[in-house]
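Worksheet: one structure, shown below.
Protein chains: 2
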Amino acid sequence: MPHPDSPYLAIPGQPFTLSDRATTTDIFESRSAAKAAIRQTGEAIAELAQVLYANAGERNAPKVLIVLQGMDTSGKDSTTKAMFRQTPPLNVRVQPFKAPTKPELARDYLWRVHDVVPKKGEIVIFNRSHYEDVLVVKVREFADAETVENRYGQINDFERLLVEEGSLILKFMLNISRETQAERLRARLERPDKRWKFNPGDLDDRALWPDFMDAYETMVRRTSTPHAPWYVIPSDDKKTRSAIIADIVRQALDALDLHYPDPGYRPGNYDI
Amino acid sequence: MPHPDSPYLAIPGQPFTLSDRATTTDIFESRSAAKAAIRQTGEAIAELAQVLYANAGERNAPKVLIVLQGMDTSGKDSTTKAMFRQTPPLNVRVQPFKAPTKPELARDYLWRVHDVVPKKGEIVIFNRSHYEDVLVVKVREFADAETVENRYGQINDFERLLVEEGSLILKFMLNISRETQAERLRARLERPDKRWKFNPGDLDDRALWPDFMDAYETMVRRTSTPHAPWYVIPSDDKKTRSAIIADIVRQALDALDLHYPDPGYRPGNYDI
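Protein chains in written order, with full-length UniProt numbering: chain A, 1 to 272; chain B, 1 to 272.
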């Protein structure tokens, strides 16, 4: 299991109560300290991503899947930007999940997910994910209770398949308070360069905040597994959130202990 | 037509001779001047990409397709890295094209290409492309001459469809000398962190250099169109090459004249 000592880990098999988890933390002394941490971690991630890319053709090259889940305005886009600011797009792919299309609804809910999992040497960031199928689907009753109940086990099985076949899975819940969401929604309306992000429909989800928190809590309880545990990240402060997540990603990439492959070719063997 | 005054443009309808095109240029006084230009242009591209991303949901949001073609070691990966170093991966996707798979070979050669074209608000970089179907396929006679001959028109038609349906297409041939390729292949063998990029098979293509140059020349002559012209970039110097390409991309994105959408929502209209 990655990072057994992380204070943000939802330890598999242990009780989990979302309200016990903070939405704020003071691990950084200042905003500039958090910014400096992100910058430094971002550089390290860029280097690790480059070695991962070099390994894409190797037999056992890992695939990396990062899942970002959180309420509207929790910072899924911003975290992606902050974490991969210095990493070129060669082997990094962002996969957003919107409401399913008709052809997607005509299959099981993991069909569209399986289609876009990372390949060897690739880092894929899920902005929302198959977890929406036990979150919004549950809260809004788009599926019946038994169907949703079955999904926790199905998701665990699916993720175990991916891990056993060579994926590293890192799952983050971006945990914000209801007050922080209010501030950010208001900021979207006030700033002309943010207004395009505002969606009046988000207010409908906001009205169901307690139901969503219940659904998130159950999600973490039921799907934080040894092969793919959840990290619940205090996300009221943007820089702190990005710095924490980036650091967990950096550590996980570092633990892969990858090196540039040596295919055995040497200068003397070729007449160029 | 974008950039009608660019010295690198292969003007549609005009005679084109590849050997007339330089593989070097001295537009930068120094290596550091070229590096500074890339950095500055990269910042501008990052901002333009962000506005493009904000427009993804708009009715007429453009889609951006960048095609990079060139011999092995010409710098397709490096150009991508240099150009998008500061741009987060939210709406940038790199699409490499390798030898086609069996299911791909069972369809027409544009089938797999059509599947991965950019969507609204997205920038997609083709690392190699459908042009391999008139390059390596022609030189190695993987298809008969008449089939290849038909493809120039088919490609022009396909690209016109994309452009008429809202894509911007920028095509770059990374033009290196045979001597530069030799140096770079040798460097790959000598540097442990580059050795994974070496492929003895590349030497087979290298042995057919004149045939490839003929195929590139014909490609540019036949497919530099008003809707999707070719730029032939002096690429013996890495920094200069990246700076020139990045600048053409920046200008093209800038010419889209995009702004943050205003959906009309205002703070006073919502109780948050």
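C-beta: ideal position from N, C-alpha, C; glycine also.
Identify, in the order they occur along the chain, each residue of the same chain with its Cβ nearer than 7 Å to the Cβ of residue i, setting aside the five sequence neighbours on each side.
i      : result
K194/A : A187, R188
S235/A : T23, G70, S74, G75, L174, N175, I176, R241
R266/A : none
K138/A : V148, A215
H130/B : Y109, L110, V113, I155
A34/B  : F28, K239, T240, A243
Y260/B : V51, A54
I248/B : H3, S6, L170, Y231
D133/A : Y109, R151
Starting from residue i, follow the alpha helix (DSSP H) in both directions and report where the run begins and ends.
i      : result
W196/B : No alpha helix (DSSP H) holds W196/B; DSSP gives it neither H nor E.
R31/B  : 31-54
S74/B  : Neither: S74/B is in no alpha helix (DSSP H) and is coded neither H nor E.
Quick check on residue i - is its C-beta less than 7 Å from some C-beta in chain A?
i             : result
L68/B         : no
residue 295/B : There is simply no residue 295/B to check, as chain B begins at 1 and stops at 272 in what is shown.
I272/B        : yes
residue 280/B : With chain B covering 1 to 272 only, the question about residue 280/B has no answer from this structure.
A54/B         : yes
R195/B        : yes
P267/B        : yes
P234/B        : no
D262/B        : yes
A182/B        : yes
L256/B        : no
From which residue to which residue does the beta strand (DSSP E) around residue i run?
i      : result
N127/A : 123-127
G70/A  : 63-70
K171/B : 167-175
Looking only at its chain, what residues have a beta carbon closer than 6 Å to the beta carbon of residue i, apart from the 5 residues adjacent to it on each side?
i      : result
V116/B : Q95
A10/B  : F16, V220, S224, W230, V232
L256/B : P62
F198/A : R188, L189
R222/A : Y152
F84/B  : V92
G121/B : L52, Y53, N55, A56, A61, N91
A37/A  : A243
L65/B  : P118, V124, S167, I169
W209/A : R178
E104/B : R112
F172/B : L68, Y231, I233, I245
Residue i CB to nearest chain B CB: under 7 Å?
i      : result
R186/A : yes
Y131/A : no
W230/A : no
K81/A  : yes
E190/A : yes
V94/A  : yes
M1/A   : Note that M1/A has pLDDT 48, beneath the 50 cutoff, so the model's placement of it is unreliable and no number is given.
W111/A : no
F198/A : yes
L90/A  : yes
In the DSSP assignment, what residue or residues form a beta bridge with residue i?
i     : result
Q95/A : F126/A
A10/B : W230/B
Ignore the nearest five residues each way along the sequence and tell me which others in residue i's own chain have a CB closer than 8 Å to its CB.
i             : result
N127/B        : L68, K76, D77, T80, V94, Q95, P96, F97
P135/B        : The question names Pro, but residue 135/B in the sequence shown is Leu. Only Q69, F212, A215, Y216, M219 meet the Cβ criterion.
L185/B        : D72, T73, F198, D202, L203, R206
residue 274/A : For chain A, the structure presents residues 1 to 272; residue 274/A sits outside this window and is missing.
L18/B         : N175, M213, Y216, E217, V220, V232
P100/B        : Y109, R112
Given the structure, does residue i come close to the ligand FMN, in the sense that its CB is under 6 Å from one of the ligand's heavy atoms?
i      : result
L174/A : No copy of the ligand FMN appears in this structure; indeed no ligand is present at all.
**OP:** Could you name each continuous alpha helix (DSSP H) segment of 4 residues or more that falls completely within the stretch 181-243 of chain A, going from the start of the chain to the end?
**Re:** Taking 4 residues as the shortest admissible run, the stretch 181-243 of chain A contains the following complete alpha helix (DSSP H) segments, listed from N- to C-terminal end: 202-207, 209-223.
**OP:** Just list the alpha helix (DSSP H) runs in the stretch 101-146 of chain B, keeping only unbroken ones of 4 residues or longer that don't cross its boundaries, in chain order.
**Re:** Runs of the alpha helix (DSSP H) lying entirely within the stretch 101-146 of chain B and spanning at least 4 residues, in chain order: 102-105, 111-114, 136-139.
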